[in-house]
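Line order of the protein sequences matches chains A and B.
So in the numbering used here, the last spot in the first sequence is 260, and the numbers never skip.
So in the numbering used here, the last spot in the second sequence is 274, and the numbers never skip.
The structure appears right after this line, and notes come after that.
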Amino acid sequence: MAFLDFVPNLGRRVLLTIPNLGAAARFLLRSLVAVINRHFSIQQLLKQVYGFGVRSLLLMMVAAFFTGMVLGFQGYYALVRFGATSALGTLVALSLLRELGPVLTALLFAGRAGSALTAEISSMKATEQLNAMEMMAVNPFAWVVAPRLWAGIIVVPILCAIFDLVGILGGYLISVPVLGVDGGTFWAQMQSNVTFSGDILTGLFKALCFGLVVTWIAAWQGYAAQPTAEGVGNATTRSVVTASLAVLGLDFILTAFLFT
Amino acid sequence: MAAEALVELENVHFSRGPHLVLAGVDMRIPQGAIVSLMGASGGGKTTMLNLMAGTLAPQSGRIRVAGQDLQALDFEDLYRLRRRMGMLFQHSALFTDFSAFENVAFPLRRHFRLSEGILRKLVLMKLEAVGLRGAAGLMPAELSGGMARRVALARAVVMDPMLIFYDEPFTGLDPISVGIIATLIRRLNDALGATSILVSHDVQETFSIADYGYILAGGKIIAEGSPEVLRASDSELARQFLGGQPDGPVPFHYPARDNYATALMSSAAAGEVI
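Shown next, in the form of structure tokens:
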């Protein structure tokens, strides 16, 4: 009987998910377009950029530094067997610029800023602040959602660039002073094998897409949350889990299109 | 009820999923009056306020505010109309990251380009009217429930609205605060020449300030009239509600599938009873 239940249950879930996806897509569109609404404020946008960016900066830098150092170690032990440690700079830089930088930045951003964003919007909903705004004829999409969404789109690529830089520095500090790889070779190989448009820009483009997706999911989960204490908690958890999986899935798709 | 109607509802139906909330409601709110909407919890009172404010749309029927059909208005016109409405929410709904002053200033800042001097005067006048000018710099977390409600009231009337909605304004307040809020509702309504719609189940306080009242039950209006008329209503339901009797047409017991004795004798586990 369990199998017989499985089919209708699956159908029911799919039927429930499709309108939700539609509502989430409409939500995204309304929020992006709200940038031309007269209640959209640059000050609010800058406040969010500051909140998302500056407050996540230290976390990103520490994570990037360790990631870079681990890459230096692992790369060195793999390459030293073939006598190819001269390629270590290229390996560290390409891994960070193409994959680890954008993905780890987005995952950390989802955990640090995304969860806070979901909690903020869902508690604004639970305490009727969004309704109050509607009643004051102020579009909550323009005042609350749009500045946060655009801030996410702006901030994640910048955080990613910083992540890349600090990561490469971490890789350098392990490879050259600690493991004894030649510094000149480390930088020269990196310079000749990393391209600006093919590696750096495409990595940042990935980060931009992740920024949009993570902020969209976080804001939508907050907006669609049940307006109760339990609803706020559930939405926050769902926001981080969904955003993290979406980043990894989207990374696969983007990599397939951008780097082939 | 001779004055011109500011809000009119004609045969309004509204349901949430399978649950019918309003089943053909007709209502007429005269200009300048304080009209109360009473009924049991979950009876659709707040839904009615949302319908009148245009934040919800009815499945059928017509709602007119200031002569404008809400269903025929586009987004911009609806927002323009809402600038002339104010709403006091059940839990105040103050913006937690703004001070009391900034909460009251919020609608003015968003809709007008006023100099800081004029804005300050306008906000302080409203805060003074609710007796909280001295609390202008406090954050919502530093206000008591009654004070927060008064700041929210100042915010609701800062644009000098023609129509003010009050959603359970007395809930969760001490008797002194209830008295203050009731007096303020009457005083502000008369001073602004506004019309107020008051959703509440606090019968005494509501009747002390309302000019007219409606009692809502089962998605329909079961009684209407001035407080005196409502008190003398021959509707059993209205009498049960106004008298606060635990049992009557609205039963004390939630309907169960089997009878009490059978349920006690049954050996089913607790979860299976339901």
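We treat Cβ as the ideally placed atom computed from N, Cα and C, and that holds for glycine.
In this text the structure is predicted, and so the values were computed from the model without any measurement.
### Task
Using only the heavy atoms of the ligand ADP, determine whether one of them is closer than 7 Å to the beta carbon of V104 of chain B.
With respect to the ligand ADP, the structure offers nothing, as it holds no ligand at all.
### Message
Please list the terminal residues of the continuous beta strand (DSSP E) segment that includes F165 of chain B.
### Response
163-167
### Message
Using 8 Å for Cβ pairs, my map puts I279 of chain A next to V92 of chain A. What's the rounded Cβ distance?
### Response
For residue 279 of chain A there is no data in the structure shown, the boundaries of chain A being 1 and 260.
#### Entry: 6 Å CB neighbourhood of D202 of chain B in its chain, flanking five on each side removed
F170
### Cα-Cα separation between M1 of chain B and E228 of chain B, rounded to whole angstroms
At M1 of chain B, the pLDDT of 49 sits below 50, so the modelled position is not reliable and the matter cannot be decided from this model.
### Message
Tell me the DSSP secondary structure of M1 of chain B in three-state form.
### Response
Low confidence applies here, because M1 of chain B scores a pLDDT of 49, under 50, leaving its location unreliable; read the following figure in that light. Reduced to three states, the DSSP call for M1 of chain B is coil.
#### Entry: Cα-Cα separation, E76 of chain B to G248 of chain B
47 Å
#### Entry: Three-state secondary structure assigned by DSSP to Y50 of chain A
helix
#### Entry: Identity of the residues DSSP links to P30 of chain B by a beta bridge
B:A5
#### Entry: contact_flag[the stretch 38-52 of chain A, the stretch 228-245 of chain A] where n(CB pairs < 8 Å) is 3 or more
no
### Query
At least one CB of chain A closer than 8 Å to the CB of T195 of chain B: is that the case?
no
### Task
Would you verify that the beta carbon of F95 of chain B is, or is not, closer than 8 Å to some beta carbon of chain A?
yes
### Message
If contact is defined by three or more beta carbon pairs under 8 Å, each pair taking one atom from either stretch, is the stretch 199-219 of chain B in contact with the stretch 30-42 of chain B?
### Response
yes
### Message
Please identify the residue among A:F66, A:A132, A:A224, A:I217 whose C-alpha is closest to the C-alpha of L149 of chain A.
### Response
A:I217
### Message
Looking at chain B, is there any beta carbon in it that lies within less than 8 Å of the beta carbon of A116 of chain A?
### Response
no
### Contact list for P107 of chain B against chain A, beta-carbon separation under 9 Å
M136, A137, V138
### Task
Give the DSSP-derived three-state secondary structure of Q240 of chain B in the structure shown.
helix
### Message
What residue range does the alpha helix (DSSP H) around I275 of chain B cover?
### Response
For chain B, the structure presents residues 1 to 274; residue 275 of chain B sits outside this window and is missing.
### Enclosing beta strand (DSSP E) for V65 of chain B [first to last residue]
60-65
### Query
Out of curiosity, what's the CA-to-CA distance linking V80 of chain A and V214 of chain A?
39 Å
### Query
H91 of chain B touches chain A at which residues, Cβ-Cβ below 7 Å?
T127, E128
### Message
Strictly under 8 Å for the Cβ-Cβ distance: is A218 of chain A near chain B by that measure?
### Response
no
### Task
Return no unless some Cβ of chain B is closer than 8 Å to the Cβ of A34 of chain A.
no
### Task
Over the uninterrupted alpha helix (DSSP H) stretch that includes L71 of chain A, give me the two end residues.
55-79
### Query
Under three-state DSSP, which class holds G180 of chain A?
coil
### Query
Which residues, in chain order, does the stretch 34-62 of chain B contribute to contact with chain A at a C-beta distance below 7 Å?
A53, T55
### Task
At 9 Å on the CB atoms, spell out the chain A contacts of H19 of chain B, in chain order.
None at all; the shortest Cβ gap to chain A is about 17 Å.
### Message
Which residues does DSSP list as the beta-bridge partners of A23 of chain B?
### Response
B:H13
### Task
Could you tell me which chain A residues have their CB closer than 7 Å to the CB of Y166 of chain B, listed as they occur along the chain?
The contacting residues do not exist; Y166 of chain B stays about 12 Å from chain A at best.
### Message
If I measure Cβ to Cβ from S92 of chain B and keep anything under 6 Å in the same chain, skipping five residues before and after, which residues do I get?
### Response
A148, R149, A152
### Query
Are the C-beta of R16 of chain B and some C-beta of chain A separated by less than 8 Å?
no
### Residue-level contact to chain B via CB, A224 of chain A, 8 Å cutoff
no
### Query
Leaving out the 5 sequence neighbours to the left and right, which residues in its chain are closer than 8 Å to A292 of chain B when beta-carbon positions are compared?
Any question about residue 292 of chain B goes unanswered here, given that chain B covers just 1 to 274.
### Message
Spatial neighbours of A119 of chain A within its chain, please: C-beta separation below 8 Å, excluding the five flanking residues on both sides.
### Response
G222, V232, A235, T236
### Query
Could you give the distance in angstroms between the alpha-carbon of A106 of chain A and the alpha-carbon of G145 of chain B?
40 Å
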